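Structure, as structure tokens:
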Amino acid sequence: MRSLILSGPAFWLIKILRPEVPIISTFHTRCYIHKKWGFFARLYLKFGEFMACTFADVTTTVSKSLTSYAKEKYHAQAVYIPNGVSLPEKLPTKEIKKWGLEKGNYIVAVSRLVRHKGVHYLIDAYKQLTTEKKLVIVGDGSFTEDYVQELKQMVGDNKNIIFTGSQSGEILNELFSNAYLFVQPSESEGLSIALLEAMSYENAVLISDIPENLEAAEDVGFSFKDRDVDDLKEKLSYLLKNPELVEVNGRMGRDRVDTHYSWKNISKDIVAVYNKVIIEKKATVSSRFNLVKKFTSLF
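Read in order, the letters of the sequence shown correspond to residues -15 to 283 in the numbering used here.
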């Protein structure tokens, strides 16, 4: 018996055509709350969420807050299984020297450049600081060219704020490996992979105090009030003045990732969920078949 993972709106079709096939959905985020989507896109995304949480045999969620939401709103069979990351080997500076970057001389944010990720708050706060450390913003827009231009206009001719564009592989590894601090100013998340990756590289993290971020970093991260530029500026200033604290919390973050978000543990949970759903579906199909068999034997 095979299990299927589909986009939410297609679930009803499988339920009709192949009712014996178990369906497992993964709920990453309430995407329709993001400002980049128009009315019809939001309506479709809400419909997809409804289908994924209602028609799936099990809905896995990447954060505990999403688990609670799916259970309360849809009475879904929701199981918490977070995103995972692997603990990396850190690299020295090499390729990133082209941006004038050296170990510990920059703050990094890794994000898609869309408004709900809050990069504009970070730029605003950073510009009010007096520091020799650079601000490096890693990522591209996602159908958000106007917002990207807005960010670049905010930066103006400030040479200490660097846009690297989207990066991967060794360059991204170098950027994480040598940062002084990672900042995640998002207004909404499911569970941020970039945040987990930053922690896996022993980066201390400064995060907006939305539930999903606080859940991921718990007591090893530093937080500021969501959308509050003044609080973000104050926290940045404090951490820039306390490198020993930054170093200690960076190590604690890596330990937290190894304990709670490593693939070696999460993969076992995923396999267990799949096996349970497949066994339960087989039992249900067998029970229905036996019932039909008993009924037809009467004739």
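Ideal Cβ placement from N, Cα and C applies to all residues, glycine included.
In this text, all values refer to a predicted model and were calculated from it rather than measured experimentally.
Range covered by the beta strand (DSSP E) that runs through residue i
i                 : result
phenylalanine 206 : 206 to 208
glycine 149       : 145 to 149
valine 5          : Neither: valine 5 is in no beta strand (DSSP E) and is coded neither H nor E.
threonine 43      : 42 to 45
lysine 167        : One point to set straight first is that residue 167 is valine, not lysine, in the sequence displayed. Run containing valine 167: 165 to 168, per the beta strand (DSSP E) assignment.
alanine 29        : For clarity, residue 29 is leucine in the given sequence; the question names alanine instead. Where leucine 29 is concerned, there is no enclosing beta strand (DSSP E), although the alpha helix (DSSP H) it sits in stretches over 23 to 38.
serine 192        : 189 to 192
leucine 119       : 118 to 122
Supposed contact pair residue j and residue i - C-beta distance, whole angstroms, cut 8 Å
i             : j            : result
leucine 75    : serine 161   : 5 Å
serine 172    : isoleucine 0 : Not confirmed; about 34 Å, so no contact.
glutamate 196 : glycine 174  : 6 Å
N- and C-terminal bounds of the alpha helix (DSSP H) containing residue i
i              : result
tyrosine 245   : Unbroken run through tyrosine 245: none, as it is neither H nor E.
lysine 82      : Note, lysine 82: premise wrong, no alpha helix (DSSP H); not H, not E.
valine 103     : 103 to 111
tyrosine 64    : Where tyrosine 64 is concerned, there is no enclosing alpha helix (DSSP H), although the beta strand (DSSP E) it sits in stretches over 62 to 64.
isoleucine 155 : 153 to 161
valine 132     : 129 to 139
tyrosine 58    : 48 to 58
Short CB-CB distance (under 8 Å) between residue i and chain C
i           : result
alanine 109 : The chain labelled as chain C is not found in the depicted structure, where only one protein chain is given.
Span separating the alpha-carbon of residue i from that of residue j
i                : j              : result
threonine 45     : leucine 156    : 27 Å
proline 227      : tyrosine 164   : 8 Å
glutamate 4      : glutamate 33   : 22 Å
lysine 252       : histidine 104  : 39 Å
aspartate 212    : arginine 2     : 50 Å
phenylalanine 23 : arginine 96    : 22 Å
glutamate 129    : leucine 106    : 19 Å
arginine 240     : isoleucine 250 : 14 Å
tyrosine 185     : glycine 234    : 8 Å
CB contact flag (residue i, residue j, <8 Å)
i              : j                 : result
serine 176     : glycine 68        : no
valine 92      : phenylalanine 147 : no
proline 6      : lysine 265        : yes
aspartate 214  : serine 192        : no
asparagine 142 : lysine 117        : no
glycine 149    : aspartate 124     : yes
leucine 216    : phenylalanine 206 : no
glycine 237    : valine 261        : no
Notebook entry, point to check: Do the region 44 to 52 and the region 6 to 15 meet, that is, are 3 or more Cβ pairs less than 8 Å apart?
Noted result: A contact exists between the region 44 to 52 and the region 6 to 15.
Margin query: Would the region 247 to 265 count as touching the region 78 to 97 if we require 3 or more Cβ pairs under 8 Å?
Written below: no
Item checked: Inter-stretch contact at 8 Å, needing at least 3 Cβ pairs: the region 179 to 195 / the region 128 to 138 -> no
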